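Numbering (full-length UniProt numbering), first residue to last: 1 to 213.
Cβ coordinates follow ideal geometry from the N, Cα and C atoms, glycine included.
Everything numeric in this text was worked out from a predicted model, so none of it was measured.
Working notes, structure below.
In structure tokens form, the structure reads like this:
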């Protein structure tokens with residue numbers, strides 16, 4: 001995966017990340033927390049496929065007119081409406097810009113290992129593919145190719161991310177030191193014993209805004 005990301009990174013200024021829900025939120029939350037909101041790195045990530053706004057799509061297309069770009073399409077099935085439309089729009093734009101053969105080398109699919117519309121398309125077109133694990137849900141998939149590939153292209157130190165994740169797991173094995181566990185217990189008791197049925201989580205730190213999504 002690192003070699004594919006590195007080769008793509010050398011060709012482009014912008015990576016279009018096509019996805020909706022957990023297919024893009026993990027990567028975006030991690031990118032913004034780690035790089036900040038206005039990172040001046042070589043490759044910029046732009047997220048599409050999470051809205052059907054024609055205004056937003058037109059603005060992105062206009063922005064890309066003077067940029068070298070690639071695409072990563074992240075979808076388990078490849079049949080969700082919003083990312084499906086977005087991928088077709090930006091795939092066509094890329095092919096018009098660099099030609100079909102070069103476009104193939106700039107498109108990556110992250111999808112099911114064996115089935116689905118996106119897997120079939122990727123195999124037929126010759127796109128590089130990486131697998132979405134069957135047993136990990138979208139919003140928990142940031143440490144799989146769903147999140148790691150876009151972050152690699154963006155230049156994020158994913159080895160440091162994995163080391164941090166391993167340390168966090170080690171540090172939270174003891175439930176007395178596991179803040180998430182203690183929060184869950186407290187929340188359960190507040191709900192079942194004291195009748196607090198609803199809760200609002202608010203982040204005033206803009207770099208963590210997508211984390212709350």
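Delimiting residues of the alpha helix (DSSP H) encompassing residue i
i           : result
residue 177 : Residue 177 -> no alpha helix (DSSP H), and no H or E assigned at all.
residue 87  : 81 to 98
residue 124 : 117 to 125
residue 214 : Because the chain in this structure spans residues 1 to 213, residue 214 falls outside the shown range and cannot be described.
residue 72  : Element bounds for residue 72: not the alpha helix (DSSP H) but the beta strand (DSSP E), 69 to 74.
residue 78  : Where residue 78 is concerned, there is no enclosing alpha helix (DSSP H), given that its DSSP letter is neither H nor E.
residue 11  : 2 to 11
residue 24  : 22 to 35
residue 147 : 145 to 154
Nearest residue (CA-CA) to residue i, options the options
i           : options           : result
residue 202 : 212, 195, 196     : 212
residue 1   : 129, 186, 182     : 129
residue 60  : 180, 45, 125      : 45
residue 164 : 70, 87, 34        : 34
residue 43  : 116, 71, 117      : 71
residue 78  : 97, 194, 104, 108 : 108
residue 87  : 114, 15, 37       : 15
residue 69  : 118, 167, 12      : 12
residue 10  : 58, 106, 64       : 106
residue 89  : 178, 25, 138, 17  : 17
residue 209 : 66, 148, 37, 4    : 37
Opening and closing residue of the beta strand (DSSP E) in which residue i lies
i           : result
residue 44  : 44 to 48
residue 109 : 107 to 111
residue 16  : 14 to 18
Identified DSSP bridge partners for residue i
i           : result
residue 163 : Paired residues: none, contrary to the question.
residue 130 : 110
Whole-number beta carbon distance between residue j and residue i, since they are thought to touch under 8 Å
i           : j           : result
residue 283 : residue 47  : Not covered by the structure: residue 283. The range shown for the chain is 1 to 213.
residue 142 : residue 110 : Residue 142 to residue 110, Cβ: 12 Å. No contact.
residue 206 : residue 31  : In fact, because the Cβ distance is near 13 Å, the residues do not count as touching under 8 Å.
residue 82  : residue 49  : 5 Å
residue 8   : residue 153 : 6 Å
residue 175 : residue 181 : 5 Å
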